[in-house]
Amino acid sequence: MGDTVEASWFAEKIADRSIRGIALETSALIRAGVLPIGTRLPAIRDIAYELHVSPATISEAWSELRRQKIISGRGRNGTWVSGDRFVAKPERLASSGNYAAGVLDLTLAGPDAALLPRLAEAMAYGASVDDLNSYERSRIVPELKDAVSERWPYEAEAFLATNGGYNAVYTILHALVSSGSSVAIEHPTAMRLLDILEDLGVKIIPVACDGEGPLPDSLSEALQQRPAAFLFQPRLHSVTGVTVSSSRLGQLGDVLEDSDTLVIEDDGVGDVSAAPPQSLGGRFAERTIHILSLSKSLGPDLRLAVLSSSAPIVDQIQSYRSFSAGWTSRILQGAAAWLLRDPATWQLIAEAREIYQQRRDALADALSERGIAIPAGQGLCLWVPVVSEPFAMVTLAARNIAVNPGSKFSVLPSSHIRVATSTLGDRCEEAADAIALAHAP
1 MGDTVEASWF AEKIADRSIR GIALETSALI RAGVLPIGTR LPAIRDIAYE
51 LHVSPATISE AWSELRRQKI ISGRGRNGTW VSGDRFVAKP ERLASSGNYA
101 AGVLDLTLAG PDAALLPRLA EAMAYGASVD DLNSYERSRI VPELKDAVSE
151 RWPYEAEAFL ATNGGYNAVY TILHALVSSG SSVAIEHPTA MRLLDILEDL
201 GVKIIPVACD GEGPLPDSLS EALQQRPAAF LFQPRLHSVT GVTVSSSRLG
251 QLGDVLEDSD TLVIEDDGVG DVSAAPPQSL GGRFAERTIH ILSLSKSLGP
301 DLRLAVLSSS APIVDQIQSY RSFSAGWTSR ILQGAAAWLL RDPATWQLIA
351 EAREIYQQRR DALADALSER GIAIPAGQGL CLWVPVVSEP FAMVTLAARN
401 IAVNPGSKFS VLPSSHIRVA TSTLGDRCEE AADAIALAHA P
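What the sequence shown shows, in the UniProt record's numbering, is residues 1 to 441, in sequence order.
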């Protein structure tokens with residue numbers, strides 16, 4: 001470990017005594033090499049005394065620098081400079097491996113490209129939509145709004161097209177939830193949702209789930225911490241394949257009744273699910289945000305999702321979007337509207353849904369024959385229990401099979417692997433044999 005700098009010397013270098021100012025100026029000192037990697041920083045109370053601020057102010061500034069992985073340590077062990085370059089990246093998603101040719105890659109639970117609609121005709125139509133190439137920051141083209149409204153789970157006041165489902169979640173959270181707040185979310189959940197929350201710097205409150213969705217008692221306990229938002233998947237859970245029952249949705253609504261927590265509903269699987277869309281928006285219209293992603297059903301290169309909420313909330317989200325894209329391509333919106341009005345598209349979606357179910361069931365049945373019980377469900381993957389995640393991952397890797405460890409989908413200890421089934425073809429038995437070996441040491 002390097003030398004410890006004196007608090008008085010450090011204080012002379014800091015002009016802005018706010019939380020943000022201390023964090024920014026300390027970061028600048030580190031990047032400039034004035035505080036080299038390995039330097040031990042003074043005790044929080046000593047710095048606070050020299051800067052004439054509270055210890056809590058320094059703690060908050062240090063928390064921001066820890067989030068950026070510029071400093072490390074805390075408490076009696078002290079704090080030191082651990083990095084001089086902050087590279088923002090989704091840690092869970094970015095930790096995926098690079099696999100050689102011949103590996104059976106069951107990590108990506110995405111749609112099978114062969115089961116997606118062809119886009120040529122739809123894109124040609126999209127290129128002729130009104131107001132093409134206008135810099136007006138329109139929220140959603142009328143045709144797309146009309147197309148999604150027909151199947152929307154409640155009467156929404158305002159709609160907004162976004163550049164995909166995760167873009168919608170990212171934008172919503174950054175527009176409406178401040179760093180340091182708390183957010184309640186299902187356990188387990190999509191790894192990219194956790195990446196977004198961790199990048200934002202919020203406290204993640206896991207809500208336990210069962211075969212009908214989030215548990216009301218667990219949500220009630222989470223609400224005692226006054227989270228800014230509750231984020232869940234009301235239609236089909238993308239990891240476990242569970243559909244929230246209508247009775248459970250009502251119970252969750254009862255729990256949320258006396259709170260002011262935002263309700264963020266992520267329908268990321270969309271019409272690949274056989275379950276109808278559902279929402280708490282009819283009950284909490286003023287604070288529910290419902291997101292429908294079109295990537296799994298129409299294709300990820302449309303980069304399109306639609307969200308709904310109250311007009312004031314959509315105004316806030318759109319205002320934040322003005323920092324970046326401002327609006328979603330009218331061409332892509334028009335193409336999506338064309339596809340959603342096309343009966344052949346819906347026939348193809350129905351066929352794809354059936355094939356995805358067959359592939360999921362085939363692996364689930366094969367595992368059941370080998371003594372591994374998988375609950376009934378839908379979607380593009382299986383959530384498989386294991387005794388030891390490290391053992392399971394190594395065992396499968398030794399057999400040239402790649403899956404995701406359950407720890408990527410949780411902030412709590414996990415004993416699962418997530419196995420994508422959406423593109424699993426004639427190697428189902430091979431995968432089942434390997435997973436059975438990986439199930440327990």
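We put the beta carbon where it would ideally sit given N, CA and C, even for glycine.
For a test of your reading of the model: does the CB of residue i fall under 7 angstroms from any non-hydrogen atom of the ligand MG? Yes or no.
i: Phe159; result: What this structure holds is no ligand at all, so the ligand MG is not there to describe.
Let me make sure I understand the geometry here. Which of the options has the alpha-carbon closest to that of residue i?
i: Pro385; options: Met393, Val394, Ile374; result: Ile374
i: Ser309; options: Ser178, Ile264, Asp105; result: Ile264
i: Glu157; options: Glu50, Ser179, Val314; result: Val314
i: Val255; options: Leu29, Gly211, Leu219, Leu236; result: Leu219
i: residue 450; options: Ser245, Ala15, Leu437; result: Because the chain is modelled from 1 through 441, residue 450 falls outside the range shown and cannot be assessed.
i: Leu280; options: Leu200, Val53, Thr328, Pro153; result: Pro153
i: Leu292; options: Ala11, Asn133, Gly164; result: Gly164
i: Leu35; options: Ile70, Arg66, Glu64, Ser63; result: Ile70
i: Ile58; options: Val419, Ala48, Thr261, Thr4; result: Ala48
i: Val53; options: Ile22, Cys209, Asp433, Ala436; result: Ile22
i: Ile435; options: Thr395, Gly406, Cys209; result: Thr395
i: Phe230; options: Pro216, Trp346, Ser324, Gly241; result: Pro216
i: Ser324; options: Val272, Thr171, Ala124, Glu12; result: Thr171
i: Thr107; options: Asp365, Pro441, Arg418; result: Arg418
i: Ser8; options: Leu29, Pro42, Gly33, Ser18; result: Pro42
i: Gly425; options: Gln358, Leu119, Pro90; result: Gln358
i: Pro312; options: Glu286, Gln347, Arg235, Gly126; result: Glu286
i: Gly241; options: Ala32, Ala376, Val387, Phe10; result: Ala376
i: Ser273; options: Met123, Leu380, Asp130, Glu6; result: Leu380
Given residue i, which residues of its chain have a CB within under 7 angstroms of its CB, disregarding the five upstream and five downstream residues?
i: Gly326; result: Arg137
i: Ala336; result: Leu144, Leu294, Leu298, Leu302, Leu304
i: Arg92; result: Met191, Leu194, Asp195, Lys408
i: Ala168; result: Thr162, Ile291, Ala305, Leu307
i: Arg321; result: Thr171
i: Gly253; result: Leu280, Arg283
i: Ala362; result: Cys428
i: Ile19; result: Thr57, Glu60, Ala61
With 16 other CB atoms within 10 Å as the buried threshold, where does residue i fall?
i: Phe159; result: buried
i: Ile37; result: exposed
i: Arg45; result: exposed
i: Trp62; result: buried
i: Asn404; result: buried
i: Val239; result: buried
i: Gln251; result: buried
i: Gly270; result: buried
i: Leu249; result: buried
i: Glu389; result: buried
i: Gly102; result: exposed
i: Pro343; result: exposed
Opposite residue i in the DSSP bridges: which residues?
i: Val384; result: Ile417
i: Ile289; result: Ile264
i: Ser182; result: Lys203
i: Thr162; result: Ala305
i: Ser72; result: Trp80
i: Leu41; result: Thr79
i: Leu104; result: Ile401
i: Thr395; result: According to DSSP, Thr395 bridges with nothing at all.
i: Thr4; result: Arg40
Might you give, ordered along the chain, the residues of its own chain that have their beta carbon closer than 8 angstroms to the beta carbon of residue i, omitting 5 neighbours on each side?
i: Ile205; result: Ser182, Val183, Ala184, Ile185, Ala222, Gln225, Pro227
i: Arg139; result: Ala158, Phe159, Leu160, Ala161, Val314, Gln318, Trp327
i: Met1; result: Caution is warranted here: a pLDDT of 48 is assigned to Met1, below 50, making its placement in the model unreliable, and the coordinate value is therefore given only provisionally. Gly38, Arg40, Trp80.
i: Leu104; result: Asn400, Ile401, Ala402, Arg427, Glu430, Ala431
i: residue 443; result: Outside the displayed span of the chain (1 to 441) sits residue 443, for which this structure offers no information.
i: Pro214; result: Glu186, Val207, Ala208, Phe232, Val244, Arg248, Leu252
i: Ser27; result: Leu65, Gln68, Ile70, Phe86
i: His174; result: Leu200, Tyr320
i: Ser415; result: Pro385, Val386, Val387, Ser388, Glu389, Gly406
If I measure Cβ to Cβ from residue i and keep anything under 6 angstroms in the same chain, skipping five residues before and after, which residues do I get?
i: Ile372; result: His439
i: Arg360; result: Thr421
i: Pro188; result: Val239, Phe409, Ser410
i: Thr288; result: Val263, Leu280, Gly281
i: Thr423; result: Asp112
i: Thr4; result: Arg40
i: Leu116; result: Gly299
Looking at the C-beta of residue i, does it have a partner C-beta in chain D at a distance below 8 angstroms?
i: Gly213; result: Of the protein chains in this structure there is only one, and it is not chain D.
> In chain order, which continuous runs of the alpha helix (DSSP H) of length 4 or greater are located wholly inside the segment 184-232?
Replying inline: Whole alpha helix (DSSP H) segments, 4+ residues: 191-200, 216-223.
>> Suppose only complete runs of 3+ residues qualify. What are the beta strand (DSSP E) ranges in the segment 289-368, listed by chain order?
In response: List check, beta strand (DSSP E) in window: 305-309.
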